[in-house]
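Numbering (the UniProt record's numbering), first residue to last: 1 to 202. The beta carbon of each residue, even a glycine, is placed where N, CA and C say it ideally should be. So the structure is just underneath, and the comments pick up after that.
Now the structure itself:
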């Protein structure tokens with residue numbers, strides 16, 4: 001995800017989803033992240049928040065693989081895509097929410113939260129640093145002690161750790177990488193996406 005258009009907010013995303021309803025996964029699919037998810041967000045978790053879910057198949061594939069549909073809450077700033085996804089997967093929880101401010105969720109509500117590209121989109125827009133701080137503050141607030149914030153991003157450590165490692169958020173941060181998925185038959189050189197596993201201190 002690159003380019004300033006992605007950070008223009010609800011209007012941009014509403015227009016995009018109205019134009020194209022086909023489901024799409026940014027960066028990585030569930031099968032390429034499964035080994036990490038099974039380790040840090042196991043199926044035994046009661047509540048997982050999918051931040052900026054868009055029309056990704058991630059939650060759908062997690063449920064197919066054994067996660068309880070009732071354990072995953074999907075939120076996105078676009079009411080257009082939330083309406084689309086509710087119709088496609090009515091068995092799951094879909095809500096319109098702004099990740100920078102989610103008063104609808106109480107403190108220490110979730111065992112984990114997963115962000116696959118949402119923070120990157122925020123960093124493309126105006127007030128990027130301030131809004132990134134707001135997202136991280138919300139993640140720190142709504143995740144239980146011992147819980148996990150999983151960030152999947154194109155952002156290298158030098159561009160992400162100065163946000164994630166601030167003492168006020170209370171994370172122990174572990175870095176990993178996962179290979180980018182080149183299109184089938186492509187000669188594109190493999191590169192990586194960065195995974196930041198942020199465990200909330202107890």
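Item, Value
"Short Cβ contact (8 Å threshold) for residue 173 with residue 154", "no"
"Residue 177, buried or exposed, once every other Cβ within 10 Å from all chains shown has been counted against 16", "exposed"
"Pick from 100, 78, 65, 15 that is closest to residue 127, judged by C-alpha positions", "100"
"Per-residue DSSP class, three states only, for residue 95", "strand"
"Proximity test, residue 95 beta-carbon vs the ligand COA heavy atom, cut-off 7 Å", "Among the components of this structure there are no ligands whatsoever, and the ligand COA is therefore not found."
"C-alpha gap between residue 25 and residue 151, whole angstroms", "15 Å"
"Pairwise C-alpha distance: residue 36 and residue 57", "17 Å"
"When 191, 116, 66 are compared against residue 74, the one with the closest alpha-carbon", "116"
"Identity of the residues DSSP links to residue 74 by a beta bridge", "50, 94"
"Proximity below 8 Å, CB of residue 161 to CB of residue 198", "no"
"Where residue 129 sits in the DSSP three-state scheme", "helix"
"Residue closest to residue 144, alpha-carbon to alpha-carbon, out of 118, 158, 48, 159", "48"
"Between the CA atoms of residue 53 and residue 59 - distance to the nearest angstrom", "8 Å"
"Rounded straight-line distance, which links the Cα of residue 81 to that of residue 9", "13 Å"
"Beta bridge counterpart(s) of residue 198 as assigned by DSSP", "149, 173"
"Whole-angstrom distance between residue 141 and residue 169, CA atom to CA atom", "9 Å"
"DSSP three-state assignment for residue 141, whether helix, strand or coil", "helix"
"Buried or exposed (CB count within 10 angstroms, at least 16 for buried), residue 175", "exposed"
"Bounding residues of the beta strand (DSSP E) (the contiguous stretch that carries residue 112)", "110-116"
"Residue 112 and residue 63 closer than 8 Å at C-beta", "no"
"N- and C-terminal bounds of the alpha helix (DSSP H) containing residue 59", "58-64"
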